[in-house]
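> Structure below; questions to follow.
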Amino acid sequence: MVAATALVASTMAVGVTAAISSAGASSKATISVAYAADTTFDTIPLGTKWWGAVQKEFEAKYPNVTLRLIPIAGGEPDFLTKLALLYHSSSTSPDVAQFPSTEIALYESSGYLLAMDKYLKGSSWFSQYPTVIQNEGKIGGHTYAVSAGENNNGLFYDKAILEKAGIKVPWQPKTWADVITAAKAIKKAEPKVIPLWTDAGTSAGPNGAGYGILNLLAGSKTPTIQTSSGKMVVSSKGLLETLNWYHEVFADGLGAPISDLFSENNAPNIPSALFAKGQLGIAVGANFLGGNWTKMVSFPNWPQAGKAIGVAGLPKIDGGGYASTLSGWDFGISSHTKYAQAAADLINVMQEPTNMIEAANWAGWVPPVKSYWSNPKYASFAAPFNQAFGNLLPWSTELPASANYSVWVQAIEQASGAIAKTPSTTGAQAMAQMKGFITNQLGPSAVVSLP
Numbered sequence: 006m007v008a009a010t011a012l013v014a015s016t017m018a019v020g021v022t023a024a025i026s027s028a029g030a031s032s033k034a035t036i037s038v039a040y041a042a043d044t045t046f047d048t049i050p051l052g053t054k055w056w057g058a059v060q061k062e063f064e065a066k067y068p069n070v071t072l073r074l075i076p077i078a079g080g081e082p083d084f085l086t087k088l089a090l091l092y093h094s095s096s097t098s099p100d101v102a103q104f105p106s107t108e109i110a111l112y113e114s115s116g117y118l119l120a121m122d123k124y125l126k127g128s129s130w131f132s133q134y135p136t137v138i139q140n141e142g143k144i145g146g147h148t149y150a151v152s153a154g155e156n157n158n159g160l161f162y163d164k165a166i167l168e169k170a171g172i173k174v175p176w177q178p179k180t181w182a183d184v185i186t187a188a189k190a191i192k193k194a195e196p197k198v199i200p201l202w203t204d205a206g207t208s209a210g211p212n213g214a215g216y217g218i219l220n221l222l223a224g225s226k227t228p229t230i231q232t233s234s235g236k237m238v239v240s241s242k243g244l245l246e247t248l249n250w251y252h253e254v255f256a257d258g259l260g261a262p263i264s265d266l267f268s269e270n271n272a273p274n275i276p277s278a279l280f281a282k283g284q285l286g287i288a289v290g291a292n293f294l295g296g297n298w299t300k301m302v303s304f305p306n307w308p309q310a311g312k313a314i315g316v317a318g319l320p321k322i323d324g325g326g327y328a329s330t331l332s333g334w335d336f337g338i339s340s341h342t343k344y345a346q347a348a349a350d351l352i353n354v355m356q357e358p359t360n361m362i363e364a365a366n367w368a369g370w371v372p373p374v375k376s377y378w379s380n381p382k383y384a385s386f387a388a389p390f391n392q393a394f395g396n397l398l399p400w401s402t403e404l405p406a407s408a409n410y411s412v413w414v415q416a417i418e419q420a421s422g423a424i425a426k427t428p429s430t431t432g433a434q435a436m437a438q439m440k441g442f443i444t445n446q447l448g449p450s451a452v453v454s455l456p
């Protein structure tokens, strides 16, 4: 589905030259905002509640402007395809849209997004973003999207299961080998428990890799995805280390069953239910798993989670710190809009402290404003998980801002899925498959192999 989205986008008009009005929210206007109705927030009712409150607040603050909500149903791949179709025409393009950070470069290269620099100069929130988050939407020196909330990753573990396997808690592995050793101990002590969850395959869309395999790549000896010259890496020591680790996990029977990994039912959230049932030992997972156990989200409601589940940083391959990818959802202004200032005013409302923290809590994000990580309204929502992942966020690395990334990420998801389906697949075989797919899609001049 990612490749299909890229194909749709690549065939659309580039270099849109629609006139941008300087009219602000004081002018009579109707503006629109498009968003994923089914996948952004943890539940559909929470999303409906948040967007309804934003609409009410914005229209009260700017009574001469009507805000039209455009909720897009379906899973993330469906949402991306439908949003790309809306962007294709000035008559359907939303003035503002919320979309995954992985799509920013694709939309910018297709001419869909307006540079926001002049609208951010006076904002009270953008200057408080850590530099890595400010750079999320920056391409060619201009900012085309701003973070609404971030996802980072670490290790969740069941304290009781680890203790039964002879592992002391609190647990903080120092190397990848330590994670494998712990998973093997769990398999021996608790044969009916899944030792280790790490996402594989393409069912979760482009963000799925960010919750799983890309975190291992980030901690490898050669974590580069795209070189400074813009070429996509199709072969490297880091890729081989990462795919070899996946091979070891699945060849030794330590991973989750493919019926769960390849589920269309929001696979990255499945560990929440497995942990609550006492069926999972360790998971490479995103920060939002902690929020899933709250009463408000109930996926499932598990009041004991804060005491039963521990959090650790995912170590780099041989130690020396932690590794995590950084991804999230962003707001962008359409290059078709006639009301750029009004669109910017809407984003300012959505980024107000209460709105940003509620979005983080209800959508399972780390808020991009650093001071909010310890704000009681955020830290206490899914204690101790929210603050723990705020503390881990500085170890995170941003994914590439490249239109070619959508092809590359599909390839590494296919490689991880091949290993999960057929555990005899070696890391070298999976990397060769990945290399062939990317080279065929992008051409030999767009790829590179690193030592």
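Residue numbering for the sequence shown follows the working numbering, starting at 6 and increasing by one per position.
Backbone N, C-alpha and C fix where the C-beta goes; we use that ideal spot for every residue, glycine too.
The structure presented is a predicted model; accordingly, all values stated were derived computationally and were not measured.
(1) Rounded to whole angstroms, how far is the Cβ of Ala-347 from the Cβ of Leu-119, which I believe are closer than 8 angstroms?
(2) Enumerated in chain order, which unbroken segments of the alpha helix (DSSP H) with a length of 4 residues or greater are wholly contained in the stretch 201–265?
(3) Can you list, in chain order, the residues of its chain with a C-beta nearer than 7 angstroms to that of Phe-336? Leave out the 5 residues immediately preceding and following it.
(4) Taking just the CA atoms, how far does Ala-187 sit from Gly-258?
(5) Label Asn-69 either buried or exposed according to how many other C-beta atoms from any shown protein chain fall within 10 Å of its C-beta, with 16 as the threshold for buried.
(6) According to DSSP, simplified to helix, strand and coil, what is Leu-404?
(7) Using 10 angstroms around the beta-carbon of Asp-323, count the other beta-carbons present and answer buried if the total reaches 16, otherwise exposed.
(8) Pull up the distance between the alpha-carbon of Ala-28 and that of Ser-329, whole angstroms please.
(9) Please classify Ile-75: does DSSP put it in a helix, a strand, or coil?
(10) Can you have a look at Gly-333 and say buried or exposed, based on whether 16 or more other CB atoms are within 10 angstroms of its CB?
(11) Tell me, please, which residues DSSP counts as bridged to Gln-103.
(12) Let me know the secondary structure DSSP gives Ile-275 once reduced to three states.
(13) According to DSSP, what are the bridge partners of Ser-152?
(14) State the Cα-Cα distance for the pair Ser-340 and Phe-293, rounded to the nearest angstrom.
(15) To which residues does DSSP link His-147 through a beta bridge?
(16) Since Asp-183 is in the beta strand (DSSP E), which residue starts that stretch and which ends it?
(17) Give the straight-line distance between the Cα atoms of Ser-26 and Ser-95, rounded to the nearest whole angstrom.
(18) Between Lys-126, Tyr-40, Ser-114, Thr-444, which has its C-alpha nearest Trp-56's C-alpha?
(19) Considering only the beta carbon of each residue, do Tyr-410 and Ala-110 sit closer than 8 angstroms?
(20) Throw me the rounded Cβ distance for the Gln-446 and Val-412 pair, which I believe falls under 8 angstroms.
(21) From Asn-140 to Thr-148, what does the alpha carbon distance come to, in whole angstroms?
(22) Whole-angstrom Cβ separation of Asp-43 and Ala-368, contact assumed at under 8 angstroms?
(23) Going by beta-carbon coordinates alone, are Ala-317 and Pro-178 separated by less than 8 angstroms?
(24) Kindly list the residues whose CB is nearer than 8 angstroms to the CB of Ile-338, restricted to its own chain and excluding five residues on each side of it in sequence; keep chain order.
(25) Considering only C-alpha positions, which residue in the set Thr-247, Leu-279, Thr-86, Ile-314 is nearest to Tyr-112?
(26) Among all the DSSP beta bridges, which residues are the ones paired with Ala-317?
(27) I need the boundaries of the beta strand (DSSP E) containing Ala-34, first residue and last residue.
(28) So Phe-280 and Ile-314 are in contact, right, with Cβ under 8 angstroms, and what is the actual spacing, rounded?
(29) Just the C-alpha distance for Tyr-383 and Thr-45, rounded to the nearest angstrom, thanks.
(30) In whole angstroms, what is the alpha-carbon distance linking Lys-66 and Pro-372?
(31) By Cβ distance, which residues of its chain are closer than 6 angstroms to Gly-432, with the 5 residues on each side in sequence left out?
(32) To the nearest whole angstrom, what separates the beta carbons of Gly-210 and Glu-81, a pair I think is in contact under 8 angstroms?
Based on what the coordinates show:
(1) Cβ-Cβ separation between Ala-347 and Leu-119: approximately 12 angstroms, too far for a contact (criterion under 8 angstroms).
(2) 211–215, 218–223, 242–256
(3) So the list reads Val-101, Gln-103, Ala-150, Val-151, Ala-153, Ile-352, Met-355, once near-sequence residues are dropped.
(4) 13 angstroms
(5) exposed
(6) coil
(7) exposed
(8) Confidence at Ala-28 is low in this model, with a pLDDT of 46, below 50, so its placement is unreliable and the value that follows should be read with caution. If you take the alpha carbons of Ala-28 and Ser-329, they lie about 42 angstroms apart.
(9) strand
(10) buried
(11) By DSSP's assignment, Gln-103 forms a beta bridge with Phe-336.
(12) Of the three classes helix, strand and coil, the one that applies to Ile-275 here is helix, per DSSP.
(13) DSSP links Ser-152 through a beta bridge to Asp-335.
(14) 32 angstroms
(15) Beta-bridge pairing links His-147 to Ile-144.
(16) Per DSSP, Asp-183 belongs to no beta strand (DSSP E); it is in the alpha helix (DSSP H), 181–194.
(17) For Ser-26, the predicted structure reports a pLDDT of 40, less than 50, and the residue's modelled location is therefore unreliable. A value from the coordinates is still provided. Using only the alpha carbons, I get a separation of about 14 angstroms.
(18) Tyr-40
(19) yes
(20) Yes, Gln-446 and Val-412 are in contact; Cβ-Cβ is about 5 angstroms, under 8 angstroms.
(21) 8 angstroms
(22) Asp-43 to Ala-368, Cβ: 12 angstroms. No contact.
(23) yes
(24) Cβ neighbours of Ile-338 within its own chain (closer than 8 angstroms, five residues either side excluded): Asp-100, Val-101, Leu-118, Leu-119, Met-121, Tyr-124, Ala-345, Ala-348, Ala-349, Ile-352.
(25) Thr-86
(26) Leu-160
(27) Run containing Ala-34: 34–41, per the beta strand (DSSP E) assignment.
(28) 6 angstroms
(29) Tyr-383 and Thr-45: Cα-Cα distance of roughly 18 angstroms.
(30) 24 angstroms
(31) Leu-245, Leu-248, Asn-249, His-252
(32) 4 angstroms
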